[in-house]
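Report on the structure given below.
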Amino acid sequence: MFELIYQSKAAKSLAESDVKEVLETARANNKFQNITGVLMFDGLRFLQLLEGDKHLVEALYEQIANDKRHHSLNLFWSQETPGPAFSDWSMAYVDATAFSNFEALSKADGDLESGGTSHGARLFRMLSQQLYDTSYIER
């Protein structure tokens, strides 16, 4: 199992319908490719965790990086993991405008030191797992 976490800034022209389209496409494609994860968006920034087969996740990240609906990608975390954290979500969504800890996540340390767990990755996984059973998440 491979996992990556990145942050990006929304394009100024991004509409709410664009976010819905991203989610619909991701949910359909990810389910087919056995990729899972969670996407957070606060109206300005995206924060996303993707997990699955390494080659498929990296190929998806390349596609995401070339999407004009966002820019300034910052890869926080990219590493093999023992197993999926979110195996029952093709792509969960958190409207982070309602969640006060998003600011801390968006400023998290992006240290990708090999073998280490970055502050951003730990925060994101902790927050995502904490939100798992709450009303913040749209599955």
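Residues 0 to 138 in numbering that gives the first Met the number 0 are what the sequence shown spells out, letter by letter.
Note that CB positions come from ideal geometry on N, CA and C, so glycine has one too.
Collapsed DSSP secondary structure at residue i in the structure displayed
i, result
"T4", "Inspection of the sequence shows that residue 4 is occupied by Ile rather than by Thr. Of the three classes helix, strand and coil, the one that applies to I4 here is strand, per DSSP."
"S89", "coil"
"S12", "coil"
"N65", "coil"
"L111", "In this predicted model, L111 has a pLDDT of only 37, less than 50, meaning its place in the structure is not dependable; the value taken from the coordinates is given anyway. Coil."
"N73", "strand"
"T24", "helix"
"D17", "helix"
"L49", "strand"
"L38", "strand"
Presumed contact (8 Å Cβ cut-off) between residue i and residue j, rounded CB distance
i, j, result
"L13", "M90", "Not confirmed; about 17 Å, so no contact."
Whole-angstrom distance between residue j and residue i, CA atom to CA atom
i, j, result
"P81", "Y92", "23 Å"
"G42", "E15", "9 Å"
"L72", "L59", "14 Å"
"M0", "E61", "18 Å"
"A27", "G36", "13 Å"
"Y5", "E57", "12 Å"
Proximity of residue i and residue j at Cβ, strictly below 8 Å
i, j, result
"H54", "S7", "no"
"L3", "L49", "yes"
Residue nearest to residue i in terms of C-alpha spacing, selected from the options
i, options, result
"D94", "Y5, E2, M0 and L22", "L22"
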